[in-house]
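One structure is given here, and the rest of the page talks about it.
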Amino acid sequence: MDESGEADREPSAHELYGDASEADYTRSLELQQMALDEIPEATSSNYRGKTNYAPYPMIYMDHADGAMLTDVDGNSYIDFHCGVSAIITGHRQEQQLEAVKQQLDKGSYFATTYELEYETARLVNDIIPGSDRTKFINTGTEAVMTALRLARAYTGKEKILKFEGMYHGHSDYALVNVHPDVGSLGTRRNPTKIPESTGVPRKTLETVEAVPWNDAQLLAEKLEREGDEIAAVITEAVMSNSGLVWPTAEYLDEIRRLTDEHDVLFILDEVVTGFRMGLQGAQGYFDIEPDLAVYGKAIANGYPCAALTGRAEVMDFIKSEPDKATFMGTFSGNPLVVAAANANLKQLDELGTTGYEDLYSKGTQLTEGLREILADSGEDVFIPEFAGFFCLHFTDGEAEPETWSNWRDIAPHVDDERYEQFASEMIGQGVFFPPKSGRINLMHAHSDEHIQSALEAAKQAVSNLG
Ligand SMILES: Cc1ncc(COP(=O)(O)O)c(C=O)c1O
Numbered sequence: 300m301d302e303s304g305e306a307d308r309e310p311s312a313h314e315l316y317g318d319a320s321e322a323d324y325t326r327s328l329e330l331q332q333m334a335l336d337e338i339p340e341a342t343s344s345n346y347r348g349k350t351n352y353a354p355y356p357m358i359y360m361d362h363a364d365g366a367m368l369t370d371v372d373g374n375s376y377i378d379f380h381c382g383v384s385a386i387i388t389g390h391r392q393e394q395q396l397e398a399v400k401q402q403l404d405k406g407s408y409f410a411t412t413y414e415l416e417y418e419t420a421r422l423v424n425d426i427i428p429g430s431d432r433t434k435f436i437n438t439g440t441e442a443v444m445t446a447l448r449l450a451r452a453y454t455g456k457e458k459i460l461k462f463e464g465m466y467h468g469h470s471d472y473a474l475v476n477v478h479p480d481v482g483s484l485g486t487r488r489n490p491t492k493i494p495e496s497t498g499v500p501r502k503t504l505e506t507v508e509a510v511p512w513n514d515a516q517l518l519a520e521k522l523e524r525e526g527d528e529i530a531a532v533i534t535e536a537v538m539s540n541s542g543l544v545w546p547t548a549e550y551l552d553e554i555r556r557l558t559d560e561h562d563v564l565f566i567l568d569e570v571v572t573g574f575r576m577g578l579q580g581a582q583g584y585f586d587i588e589p590d591l592a593v594y595g596k597a598i599a600n601g602y603p604c605a606a607l608t609g610r611a612e613v614m615d616f617i618k619s620e621p622d623k624a625t626f627m628g629t630f631s632g633n634p635l636v637v638a639a640a641n642a643n644l645k646q647l648d649e650l651g652t653t654g655y656e657d658l659y660s661k662g663t664q665l666t667e668g669l670r671e672i673l674a675d676s677g678e679d680v681f682i683p684e685f686a687g688f689f690c691l692h693f694t695d696g697e698a699e700p701e702t703w704s705n706w707r708d709i710a711p712h713v714d715d716e717r718y719e720q721f722a723s724e725m726i727g728q729g730v731f732f733p734p735k736s737g738r739i740n741l742m743h744a745h746s747d748e749h750i751q752s753a754l755e756a757a758k759q760a761v762s763n764l765g
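Oh and the sequence shown: position 326 is 625 in our numbering, straight run, nothing missing.
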């Protein structure tokens, strides 16, 4: 029991996902109680942890197949969380499963290179427009961390410029102005630096600049003033962790132009958009070529593989020589996850344009249906255009969401609690939407029937909301 007695309190019916739900969560509740004594937040990533789920219980999933998840109490769900955007083809995708099993039989780790590593790097380089070279690593966080160091080494400059509202993983350098309190942020031209966690060194904050996104003039002025100290500008092509914000016309081209002008590297974070916004990710979608790009999540359809890619001249600066940049990791590019990535990339390539068109058409069907259902019931919602994923914002009715262009526009107007109630009702209906406001994803395994079931569930969920 915790000091407040919170852990012993019986959750109300509503807190058990959905007023109308007859689902049983007994085993999930028992496991959560026991795990709290063993693991801070009862699980490894705080994102999946007790505080993030509260007041609802954490759900202990048991297995997954195709587009379906099943928990330890036997409840099943159509999965729209998709492994926080990591699942792109589907769970237990047949060819991928076979490839991983084959690799398991051959051995999980050799501490040498092996043929599949080269083959898989070549696959990535063939698919991604701005990729001449690829190196594998395990997580998006590590890929970003390494990209930042490489940029510093290559340019000989120290600072990194990122944007408010952007999450690039949980390294100290990336945890600046991720979801800052807008009231404490200071002016657009001179923002306060707010770390996302205690423990980020002040010295690290000194090397990171974080400015509002989608403002080319502001970026031009910043680079004019500080360009000779800035090694890289890092951005996503769409802001995916603060409610899908699209770039204004020409913004990405302007980032490319301005970074070139000031000898600053352009790092594109494709951890979410990669292999999700289409096979070529945001690079293909927007026809842009950064100097470096980082991938994770969907690259291996749920296995812990990530990649740093980019143009040859910059990537070849990675070398075991004193004046070059290092790149390490016992498990970086390990055979199991690289086999998973290899099979996944081949599968995605096979699905090709038609496969992604189909995914987009299902995404549009779902978003249009949700807009209609929620508007009919009098909710103020904003669902931005589908990008392999979408976000569902319950707004305060005063917002003009079509004009939102950065974190400062969004944060004051969204009702995350209303979203959480809606998501809990959906989960109660057997449709697994992310319990916290975030990306709602599609995978190739979703069928038209899954979309229709989700829309039926949404009708019930919104009527339960009251
Ligand atoms: C845009 C973006 N970059 C980087 C990361 C970090 O990836 P990982 O969680 O694999 O470390 C994430 C994770 O959600 C992300 O959304």
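The beta-carbon is built from N, C-alpha and C at its ideal position, and this holds for glycine as well.
Being a predicted model, the structure only gives us computed values, none of them experimental.
Residue from the options whose Cα sits closest to the Cα of residue i
i: Leu-644; options: Ala-530, Phe-574, Glu-701 and Val-477; result: Phe-574
i: Leu-591; options: Gly-601, Thr-608, Gly-577 and Met-576; result: Thr-608
i: Gly-668; options: Thr-625, Ser-746, Gln-751 and Tyr-316; result: Gln-751
i: Ser-539; options: Val-570, Glu-697 and Ala-515; result: Val-570
i: Gln-394; options: Glu-649, Gly-348, Phe-731 and Glu-701; result: Glu-649
i: Leu-504; options: Gln-516, Arg-487 and Val-477; result: Val-477
i: Phe-731; options: Arg-326, Leu-368, Pro-339 and Ser-344; result: Leu-368
i: Leu-474; options: Arg-501, Ala-452 and Ile-426; result: Arg-501
i: Gln-402; options: Thr-411, Tyr-316, Ala-410 and Leu-415; result: Leu-415
i: Ala-353; options: Val-399, His-745, Ala-753 and Ser-723; result: Ser-723
i: Gly-464; options: Val-537, Glu-397, Ala-420 and Ser-344; result: Val-537
i: Thr-534; options: Ala-446, Arg-488 and Glu-495; result: Ala-446
i: Ala-581; options: Gly-677, Asp-622 and Ile-426; result: Ile-426
i: Val-481; options: Gly-737, Leu-754 and Ile-709; result: Ile-709
i: Tyr-655; options: Val-423, Asp-372, Arg-326 and Thr-572; result: Thr-572
i: Tyr-355; options: Leu-522, Phe-721 and Ser-496; result: Phe-721
i: Asp-622; options: Ala-753, Trp-545, Leu-449 and Tyr-472; result: Leu-449
i: His-749; options: Asp-378, Gly-696, Ser-343 and Leu-567; result: Asp-378
i: Leu-754; options: Thr-653, Leu-673 and Trp-703; result: Leu-673
Integer Cβ distance of residue i from residue j, believed to fall under 8 Å
i: Leu-578; j: Leu-647; result: 6 Å
i: Asp-370; j: Met-357; result: No, Asp-370 and Met-357 are not in contact; Cβ-Cβ is about 10 Å, not under 8 Å.
i: Glu-525; j: Lys-458; result: 7 Å
i: Pro-734; j: Glu-719; result: 7 Å
i: Ala-599; j: Ala-640; result: 4 Å
i: Leu-452; j: Ala-624; result: In the sequence under discussion, the amino acid at residue 452 is Ala, which differs from the Leu named in the question. Yes, Ala-452 and Ala-624 are in contact; Cβ-Cβ is about 4 Å, under 8 Å.
i: Tyr-316; j: Ile-726; result: 4 Å
i: Asp-323; j: Met-614; result: So it is not a contact: roughly 52 Å between Cβ atoms.
i: Glu-707; j: Pro-511; result: Here the sequence assigns Arg to residue 707, which means Glu is not the residue at that position. The Cβ separation is near 6 Å, so the contact holds.
i: Tyr-408; j: Asn-633; result: 5 Å
i: Gly-662; j: Ser-375; result: Contact flag wrong, Cβ pair sits at about 22 Å.
i: Pro-589; j: Gly-429; result: 6 Å
Close-in-space but distant-in-sequence residues of the same chain around residue i (CB under 7 Å, 5 per side omitted)
i: Thr-666; result: Ile-682, Phe-685 and Phe-689
i: Gly-439; result: Gly-468, Val-570, Val-593, Gly-595, Lys-596 and Ala-605
i: Met-742; result: Ala-366, Cys-381, Ile-386, Ile-387, Thr-388 and Gly-389
i: Asp-364; result: His-390 and Arg-391
i: Ser-327; result: Pro-356, Met-357, Ile-358, Tyr-359, Asp-370, Val-371 and Asp-372
i: Arg-768; result: Since the first and last residues shown for the chain are 300 and 765, residue 768 lies out of range.
i: Thr-413; result: For the sequence presented, residue 413 should be read as Tyr rather than Thr. Excluding residues within five positions, the ones whose Cβ falls inside 7 Å are Pro-634.
i: Gly-348; result: Glu-340, Ala-341 and Thr-342
i: Trp-703; result: Val-544 and Ile-709
i: Pro-479; result: Glu-463 and Ile-493
Cβ neighbours of residue i in the same chain (closer than 8 Å, five flanking residues each side left out)
i: Asp-552; result: Ile-587
i: Ser-619; result: Thr-625
i: Thr-694; result: Asp-679, Val-680, Phe-681, Pro-700, His-712, Val-713 and Asp-714
i: Gly-628; result: Ile-436, Asn-437 and Glu-441
i: Leu-484; result: Glu-463, Asn-476, Pro-490, Thr-491, Ile-493 and Arg-707
i: Ala-398; result: Ala-638, Ala-639, Asn-641 and Ala-642
i: Glu-528; result: Lys-456, Glu-457 and Lys-458
Close Cβ partners of residue i (< 6 Å) along its chain, the five nearest in sequence each way excluded
i: Gly-406; result: none
i: Glu-302; result: At Glu-302, the pLDDT of 42 sits below 50, so the modelled position is not reliable; the number obtained from the coordinates is stated separately. Here the set comprises nothing.
i: Met-444; result: Ser-470
i: Thr-454; result: Ala-530
i: Met-576; result: Tyr-584, Ala-686 and Gly-687
i: Val-636; result: Ala-599, Tyr-602, Pro-603 and Cys-604
i: Asp-330; result: Position check: residue 330 holds Leu in this sequence, whereas Asp was assumed. Hits under 6 Å: Tyr-359.
i: Arg-556; result: none
i: Ser-676; result: Val-761
i: Ala-312; result: Confidence is the limiting factor: at Ala-312 the pLDDT is only 44, short of 50, which leaves the residue's position unreliable, though a coordinate-based value still follows. Cβ neighbours of Ala-312 beyond the five flanking positions: none.
i: Val-499; result: Asp-471 and Leu-474
Beta carbon proximity, residue i to chain B, threshold 8 Å
i: Asp-361; result: Protein chain content of the structure displayed is limited to a single chain, and chain B is not contained in it.
beta-carbon residue i near ligand 2 non-hydrogen atom, thresh 7 Å
i: His-380; result: As presented, the structure is devoid of ligand 2, carrying ligand 1 as its sole ligands.
Output the residue ranges of the beta strand (DSSP E) runs that lie fully inside the region 547–613 and measure 3 residues or longer, sorted by chain position.
-> As summarised for the region 547–613, the continuous beta strand (DSSP E) elements at least 3 residues long and confined to that stretch are 564–568, 591–594 and 605–609, given in chain order.
Entirely within the region 456–527 and at least 3 residues each: give me those beta strand (DSSP E) ranges in chain order.
-> Fully contained in the region 456–527 are the following beta strand (DSSP E) runs of length 3 or more, in chain order: 458–462 and 507–510.
Complete runs of the beta strand (DSSP E) confined to the region 357–416 [at least 3 residues] = 360–364, 367–370 and 375–378
Segments assigned alpha helix (DSSP H), at least 4 residues, entirely inside the region 669–733 = 706–709 and 715–727
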